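Listed in order, the protein sequences are those of chains B, E, A and D.
Number 45 in this note's numbering belongs to position 45 of the first sequence; there are no gaps in the numbering.
Number 444 in this note's numbering belongs to position 192 of the second sequence; there are no gaps in the numbering.
Number 748 in this note's numbering belongs to position 244 of the third sequence; there are no gaps in the numbering.
Number 874 in this note's numbering belongs to position 118 of the fourth sequence; there are no gaps in the numbering.
We put the CB at the ideal spot given by N, CA and C, even for glycine.
The model shown is predicted, which means the values in this text are computed figures rather than measured ones.
4 protein chains.
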Amino acid sequence: MDTIRVTVWGEYRHEKKNPVVANIYPHGMHATIADALRRENGITAATATLDEPEHGLSDAVLANTDVLTWWGHIAHDEVRDEIVHKVQKRVLDGMGLVVLHSGHFSKIFKTLMGTTCDLKWREADERERLWVVEPGHPIAAGLGECIELPQEEMYGERFDIPQPETLVFLSWFQGGEVFRSGCCYTRGKGRIFYFRPGHETYPTYHHPDIQRVIANAVRWAAQPATPPVQFGWTKPREESLPYTVPEWLKAK
Amino acid sequence: MDTIRVTVWGEYRHEKKNPVVANIYPHGMHATIADALRRENGITAATATLDEPEHGLSDAVLANTDVLTWWGHIAHDEVRDEIVHKVQKRVLDGMGLVVLHSGHFSKIFKTLMGTTCDLKWREADERERLWVVEPGHPIAAGLGECIELPQEEMYGERFDIPQPETLVFLSWFQGGEVFRSGCCYTRGKGRIFYFRPGHETYPTYHHPDIQRVIANAVRWAAQPATPPVQFGWTKPREESLPYTVPEWLKAK
Amino acid sequence: MDTIRVTVWGEYRHEKKNPVVANIYPHGMHATIADALRRENGITAATATLDEPEHGLSDAVLANTDVLTWWGHIAHDEVRDEIVHKVQKRVLDGMGLVVLHSGHFSKIFKTLMGTTCDLKWREADERERLWVVEPGHPIAAGLGECIELPQEEMYGERFDIPQPETLVFLSWFQGGEVFRSGCCYTRGKGRIFYFRPGHETYPTYHHPDIQRVIANAVRWAAQPATPPVQFGWTKPREESLPYTVPEWLKAK
Amino acid sequence: MDTIRVTVWGEYRHEKKNPVVANIYPHGMHATIADALRRENGITAATATLDEPEHGLSDAVLANTDVLTWWGHIAHDEVRDEIVHKVQKRVLDGMGLVVLHSGHFSKIFKTLMGTTCDLKWREADERERLWVVEPGHPIAAGLGECIELPQEEMYGERFDIPQPETLVFLSWFQGGEVFRSGCCYTRGKGRIFYFRPGHETYPTYHHPDIQRVIANAVRWAAQPATPPVQFGWTKPREESLPYTVPEWLKAK
């Protein structure tokens, strides 16, 4: 792919209500994430937010998005089901999806996983350390053996997800918990990456390693468009077969 | 577990409309499947069908079901969403689920997989041969190296499912296609097995090897009840941590 | 299976040299592990140690072992290659294998994994907490949400193993590291479980939860004997094929 | 990576002994494979063969190889163990490996898999059809829904390998068997792809789709060099820990 077209989706509510968050992310977390992506070669980034028409995810936007990143928290329920279904369809058709932090409870992630995606949590200004468990994986490229975050919200196991196809990061928390923090999936032709860090009251998305992981994940999840997969009734490949076309199909 | 309590769910429509099907399964496919399970040690089997109240799946029935088997085809849309959600919840809580043949398009399977579960198909009286690819797996216990079915409907790849955690069977079809025919998943605490064969116009569920696989799958999917997993806010395990209980939680 | 026959293999060197270890395990770690298994219904346990003839693993012993557990540390190199090959062959043929703690560097584990199985480590009397990440898995049956060990050796990621088929436990360490502590594999027809805890200077194998996990792992890994898999030259299943028997095969 | 440096390894014996093979591959199968790779942008390809010194795989060659492809058949035993160990070490350190056809029985593949890698086979001029089961995978890029090979050797299940991390292709054979034909693995930091077709008496490696898959696999397996992973003794990350440096380590 010559250029990867990313749409950075943000709920964009905390930033407008909570001065602590607004101070860290004056233009929204999505703006910080998009700006970081724009500094990468071969990536363009647009943004979309909940309160825009169609949540900023019109058919045209989705059709021209190679990878969508998703951050939501307090307004998951306000995301309209028909938009969720369109996003799911695009993922199954090959669009990448990078789900961030509290996006674990988004409709789109739960729909694609089939589970509750529930977990333990605690806000206590804890240190988080994300260990790289697959150092050869492209999403870990350019990192050291771990990422240190001085303060983050804690997420703890059991995390109710299907077991990841590849587990890239594991988090250690000061308060005694662990978490599968970087999880790869394929659904349909689309690649999905869940990445844990990013509570709104910490400057996590300004951290260069976190920006590195998101950019790496975008590159990993981006795929060139491919022809639609053929499903449904099909003639036999082997000609000798004495098959019969079903009656109802003949009538069509 | 002393006894595994199975509920065999059948759509039970083809059998009432199509004399070919009625001739093979006079009391319904579900009755044939349940009868075979009842011949197993340590398994009890009840049945439930679409046209019963709550599709035969009341809260009490679900609460007393260790493993649910599911066959549906022409009336997937008639299965009510609230029943589907209850079944999903029970699976995530540990109930086993064995999805048979055209059940690939059932609401419950699609909900748990997160994908379209679409595939290629053809009705042409073809020979199917299911090869055992994991001979050490308990679902393959007691089988030879393959199962031969003289006539079946063809299902062909691409089968749009998440990649199985374990692939037990692969099908060969006379007309030239292949299919991942025996697929294991875990969702929440529940185990799910998809098993391909079983088109209504063939006596597939009378075949001893097919009955063996379904009984094996029931044993594999059955699990003793375990305490609910704890999710949500949690105190730190390590006592030295300077955490603060969130304001809104204090108020509760 | 009516009865699962376990052979508990112990290197049995630390116990004879180090009074700290001898005090905790006067008859060897293998004796403590075997005693705990003998208290389980349907399990019998024998022991075998490095300094016995054939390391206690004669053909007869291996043929009558359903599950082998393995603890070694300072004398991995003294395990003879021909015994390793016999154990590998038995695992591929269906014998279960439970590899404990420093057994990660045993010849048999490295041979079956194909990787270095290297890791980080530290002896610092640290607290370890093993979190259950798959609460529905039979190896986690009967446990709470985590196992607390007041003092253990630390093992940290990167752990150089093939990614587990199922990851059951994740360890948190006081000093800041995490580790994939309970890892399931299938190799051939055999099931393998790697379980991290058990440094010789701590009473870990006296801990009831650790004993529970080992017993659960033994039940999970045990499988009834099955006929050998057929490999090599094979006639076509489909009779119409104009195949030719290879010349060299005709001559046999 | 600017350029991917491939070494195409060939046993190069059949081509010198069997006129049928020599006619199809006058300069060896490795030459045909390398020529096809050289037509790709951003790939350079050298060759190496069994009868060269060090089998053409000196330390310098391995150090400058990003991806190694491997075809061997009648002389697996002649590959020297020390070369196998060097190749294994390079794979674990990040070199890609593409194992072709009868390479399933090579020392390097068996060493990395830990299993026998045995299978069923038959030479009967059969039609093979490789179905794409993961149409979104980069190794399937540019292909239709299947690859048709008019004549090939049959390989049939059970194929005694660890279950693939991703299964990209499934083969159908005219004589009635199926096979997992395109299998992805990670070992250490290295990526491994096994690809089934390529019996020496058929022009398989001249087929454009087969060449496409090998080039795709090379791109998928190629990874930029990364710093070595740190293993062994490590200080605690959390400073408060009352750890003690082991005595024997102090002495160093």
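D333/E and C146/B have their C-alpha atoms spaced approximately 44 Å apart. Nearest neighbour of L68/B by Cα position, chosen from H27/B, A75/B and G96/B, turns out to be G96/B.
For R13/B, not one C-beta of chain E is nearer than 9 Å to its own C-beta.
According to DSSP, residue pairing for I760/D in a beta bridge involves I799/D.
Here G176/B is near R489/E, since their CB atoms are less than 9 Å apart. Under the three-state reduction of DSSP output, S310/E falls in the coil class, being neither helix nor strand. Contact between the region 972 to 983 of chain D and the region 936 to 952 of chain D is present: 3 or more CB-CB pairs across the two stretches fall below 8 Å.
When DSSP states are grouped into helix, strand and coil, G932/D belongs to the coil group. For Q715/A, the number of other beta carbons within 10 angstroms of its own is at least 16, and it is reported as buried. With 16 or more other Cβ atoms from the protein chains shown falling within 10 Å of its own Cβ, K624/A counts as buried. Assigned with DSSP and collapsed to three states, I399/E falls in strand. For a Cβ distance threshold of 8 Å, residue set E134, T166 and L167 of chain B lies close to Q667/A, ordered along the chain. Taking a C-beta distance under 9 Å as the contact criterion, I780/D and E810/D do not qualify as a contact pair. In this structure, S927/D sits near R885/D, with a CB-CB distance shorter than 9 Å.
Contacts between T803/D and chain B, judged by CB atoms closer than 9 Å, are missing: the closest CB pair is about 26 Å apart. Any Cβ of chain A closer than 9 Å to the Cβ of F159/B would place that residue at the interface, and such an atom is present. Of all residues in the region 593 to 620 of chain A, only L596, T615, L616, M617, G618, T619 and T620 come within less than 8 Å of chain D when Cβ atoms are compared, listed by chain position.
Around the Cβ of A315/E, a 10 Å sphere holds fewer than 16 other Cβ atoms; the residue is exposed.
For L364/E, the enclosing alpha helix (DSSP H) starts and ends at K359 to M365. Sorting S606/A, A564/A and H641/A by C-alpha distance to the C-alpha of W574/A places S606/A at the top. For L674/A, the neighbours in chain B by C-beta distance under 7 Å run, in chain order, E157, L170 and V178.
Within chain B, the residues whose beta carbon sits less than 9 Å from that of T438/E are P162 and Q163, listed in sequence order. DSSP places I276/E in the uninterrupted alpha helix (DSSP H) bounded by P271 to I276. DSSP lists W877/D as the bridge partner or partners of Y911/D. Excluding five sequence positions before and after K86/B, the CB atoms of its chain that fall closer than 8 Å to its own CB belong to L57, D59 and L62, given in chain order. Contact annotation for W373/E against chain D: no contact, minimum CB-CB distance about 14 Å [criterion: below 7 Å]. Judged by DSSP in its simplified three-state form, R723/A adopts helix. Between the region 283 to 297 of chain E and the region 353 to 370 of chain E there are fewer than three C-beta pairs closer than 8 Å, too few to call the two in contact. As DSSP reads the structure, A540/A sits in no beta bridge. Between G434/E and F425/E, the gap from beta carbon to beta carbon reaches 9 Å or more.
Spatial neighbours of G576/A in its own chain (CB-CB distance under 6 Å, excluding positions within 5 residues in sequence) are listed in chain order as E515, G607 and S610. DSSP, read as helix, strand or coil, puts G859/D in helix.
For L130/B, the pairing in a beta bridge is given by DSSP as I147/B and S171/B. In this structure V682/A is buried. Its beta-carbon is surrounded by 16 or more other beta-carbon atoms within 10 angstroms. Closer than 9 Å to the CB of V985/D there is at least one CB belonging to chain A. Between H459/E and chain A, the shortest Cβ-Cβ separation is not below 9 Å.
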